[in-house]
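Participant:
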Amino acid sequence: MATRAKALRLAAVLTTCVLTASCGLFGGSSNGGAADMERNVIRIGVLQVVDVAPLRIALTEKLFEKAGLQVTLVNQPSEAEAIKQLDATLDLTWATHVSLFRAVAEGTELQLQGEAYQAGPNSMALVTSATSDYDDPGKKQSPTIAVPSEADIGALTTRAVLDTAAVEKQKIKFRSMPFAEMEGALTSGTVDAAFMIEPFITKAQRKIGAKILTDTARGPTLDFPMSGYASSKKFAETNPKTLKVFRDVLRDAQQRAQANKLSVQDSLTSYADVDQPTAALVSVGTFPLSLNPIRLQRVADMMDTEDVLSGRLDVQQLLPPGTTN
């Protein structure tokens, strides 16, 4: 009888153990393996762009929290500044692939952790003022174009698109300024056109009646890979499990954003300084679900062709070990 009583007690303990997953019999845990991570707190640099909407959705729906990660999004004044803050005040950052690849070419050791955004119709474009007569990309042979930086995705794609309109790249005059200043530059006539991304395009259309001169995701830049997330190589080497969890949650968030563009537009009102009517008109591109070296190599090769890089960059070398697509 004593033996049978012991057996019953053991069975009860085992049953409780399985139901609560608290005994660790099978190496599992109730927090999805968070205990195995090197750290469970990360800070990510972001800008107020559509690209980062999935991160906002992930926070709202507590996807990071469920995976055992505490994520803080930190607004940055620019991509260049965000990249500089890696290993200082930031663990990861969002930036355009062009900015990330330029940083690598200049000696910054980075590892890509995810793709953020791929261009769709009018998700990036050259826009003009309401009264401008600049109504065809080939109409001006030496246009003055506002861009955030003369060496970023705006300048790169502007050259490519205007080249197809028979405008000589050397004759394009770029003027660097933040997106927030471009509406004023258009209205005053300081520039002929401005390279903008969403939600700045829609905001300019509604506020000053801006017109789209040309989509900059067309021809050689159709479906252009726009941006992604990166950490320093040092952080990646010391926190591979943490970053694997980040990539898994990011994939889930990207998938949700891709399946529900309305949720993306709605999320903009919480961080991008746009009202609901404006957000509802914002053009939304594609949110990739994985790191694709072939897709990303396209950006690096265009940068090489346009002499933004001094030589060909092998993007495969920037991916986490074992990541092939």
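Residues -34 to -1, 1 to 291 in mature numbering (1 follows the signal peptide of the UniProt record, and there is no 0) are what the sequence shown spells out, letter by letter. Cβ atoms here follow ideal geometry from the backbone N, Cα and C, with glycine treated the same way.
Where DSSP assigns a beta bridge to Y83, which residues make up the other side?
Facilitator: For the purposes of this step, residue 83 is taken as the residue at position 117 of the sequence shown. Beta-bridge pairing links Y83 to S193.
Participant: Could you please give me the residues that DSSP links to R9 through a beta bridge?
Facilitator: Translated into positions along the sequence shown, residue 9 becomes position 43. According to DSSP, which records beta bridges pairwise, R9 is partnered with T38.
Participant: Just grab the DSSP bridge partners of V113 for me.
Facilitator: Sequence index remark: in the sequence shown, residue 113 carries index 147 (1-based). Note: V113 sits in a beta bridge opposite S142.
Participant: Using a Cβ-Cβ cutoff of less than 7 Å, which residues in the same chain neighbour K137 once the five nearest sequence positions on both sides are dropped?
Facilitator: The count along the sequence shown starts at 1 and reaches residue 137 at position 171. Here the set comprises Q107, S108.
Participant: Could you say which of V64, P286, L122 lies nearest to K200 if we only look at CA atoms?
Facilitator: As a working mapping, residue 200 is identified with position 234 in the sequence shown. Answer by Cα proximity: P286.
Participant: How would you write the range of the alpha helix (DSSP H) that residue 336 sits in, first residue to last?
Facilitator: The requested residue 336 is not part of the displayed model; the chain covers only -34 to 291.
Participant: Would you report the Cα separation of I23 and H63, rounded to the nearest angstrom?
Facilitator: Start at 1 with the first residue of the sequence shown, and residue 23 comes out as number 57. Start at 1 with the first residue of the sequence shown, and residue 63 comes out as number 97. Looking at the two C-alpha atoms, the distance is approximately 22 Å.
Participant: Relative to the C-alpha of E31, which residue among K50, V7, V16 is closest?
Facilitator: As a position in the sequence shown, residue 31 is number 65, starting the count at 1. The residue with the shortest Cα to Cα distance from E31 is V7.
Participant: Evaluate R5 with the Cβ neighbour count: other Cβ atoms within 10 Å of its Cβ, from every protein chain shown; 16 or more gives buried, anything less gives exposed.
Facilitator: Within the sequence shown, residue 5 is the residue found at index 39, counting from 1. Counting Cβ neighbours within 10 Å, R5 comes out exposed, since fewer than 16 surround it.
Participant: Would you decide whether L228 is buried or exposed? Buried here means 16 or more other CB atoms lie within 10 Å of its CB.
Facilitator: For the purposes of this step, residue 228 is identified with residue 262 of the sequence shown, where counting begins at 1. Exposed.
Participant: Counting C-beta neighbours from all protein chains within 10 Å, is the total for K207 16 or more, i.e. buried, or is it exposed?
Facilitator: Counted from its first residue, the sequence shown places residue 207 at position 241. Under this definition K207 is an exposed residue.
Participant: Distance check for K105 and L29, CA to CA, integer angstroms please.
Facilitator: Position 63 of the sequence shown holds residue 29. Position 139 of the sequence shown holds residue 105. One C-alpha to the other measures close to 49 Å.
Participant: Could you pull out every unbroken alpha helix (DSSP H) segment of at least 4 residues lying fully inside the region 139 to 182, listed in chain order?
Facilitator: The region 139 to 182 contains these whole alpha helix (DSSP H) runs: 145 to 154, 166 to 174.
Participant: Among all the DSSP beta bridges, which residues are the ones paired with M90?
Facilitator: Residue mapping note: residue 90 aligns to position 124 of the sequence shown, counting from 1. Bridge partners of M90: I163.
Participant: Are the CB atoms of S95 and I174 within a distance shorter than 8 Å?
Facilitator: Taking the sequence shown and counting its residues from 1, one reaches residue 174 at position 208. Taking the sequence shown and counting its residues from 1, one reaches residue 95 at position 129. Contact: yes.
Participant: Using the Cα positions of M71 and D270, report the straight-line distance between them to the nearest angstrom.
Facilitator: As a working note, residue 71 is residue 105 in the sequence shown. As a working note, residue 270 is residue 304 in the sequence shown. In the sequence as presented, Met is not what sits at residue 71; that position holds Ala. Taking the straight line joining both Cα atoms gives about 11 Å.
Participant: Rounded to whole angstroms, what is the Cα-Cα separation between T168 and N88?
Facilitator: As a working note, residue 168 is residue 202 in the sequence shown. As a working note, residue 88 is residue 122 in the sequence shown. The straight-line gap from Cα to Cα measures roughly 10 Å.
Participant: Quick one: any contact between the region 121 to 140 and the region 183 to 194, if contact means 3 or more CB pairs under 8 Å?
Facilitator: Yes, the region 121 to 140 is in contact with the region 183 to 194.
Participant: So T124 and V113 are supposed to be a Cβ contact under 8 Å. How far apart are they, rounded?
Facilitator: Walking along the sequence shown from the start, residue 124 turns up at place 158. Walking along the sequence shown from the start, residue 113 turns up at place 147. Confirmed, Cβ separation roughly 7 Å.
Participant: Determine which residues share a DSSP beta bridge with L58 and list them.
Facilitator: As a first step, residue 58 must be located in the sequence shown, where it is residue number 92. According to DSSP, which records beta bridges pairwise, L58 is partnered with I10, S197.
Participant: Tell me the residue span of the alpha helix (DSSP H) that contains V265.
Facilitator: Residue mapping note: residue 265 aligns to position 299 of the sequence shown, counting from 1. From DSSP, the alpha helix (DSSP H) with V265 extends over 259 to 271.
Participant: Assuming L58 and A196 make a contact with CB atoms under 8 Å, what is their CB distance in whole Å?
Facilitator: Indexing the sequence shown from 1 puts residue 58 at position 92. Indexing the sequence shown from 1 puts residue 196 at position 230. The Cβ separation is near 7 Å, so the contact holds.
Participant: Could you spell out the range, first to last residue, of the alpha helix (DSSP H) harbouring A71?
Facilitator: As a first step, residue 71 is located in the sequence shown; it is residue number 105 there, counting from the start. 63 to 71 is the span of the alpha helix (DSSP H), which, as asked, contains A71.
Participant: May I ask which residues mark the beginning and end of the alpha helix (DSSP H) holding K32?
Facilitator: Residue numbering aside, residue 32 sits at position 66 when the sequence shown is read from its first letter. Run containing K32: 29 to 32, per the alpha helix (DSSP H) assignment.
Participant: What does the Cβ neighbour count give for D273, buried or exposed, with the cut at 16 atoms within 10 Å?
Facilitator: Counting from 1 along the sequence shown, the entry for residue 273 is found at position 307. D273 is exposed by the Cβ-count criterion.
Participant: Determine the contact status of F140 and V265, defining contact as a CB-CB distance below 8 Å.
Facilitator: Within the sequence shown, numbered from 1, the residue matching residue 140 stands at position 174. Within the sequence shown, numbered from 1, the residue matching residue 265 stands at position 299. Not closer than 8 Å, so no.
Participant: Helix, strand or coil for Q107 per DSSP?
Facilitator: Residue numbering aside, residue 107 sits at position 141 when the sequence shown is read from its first letter. Coil, per DSSP.
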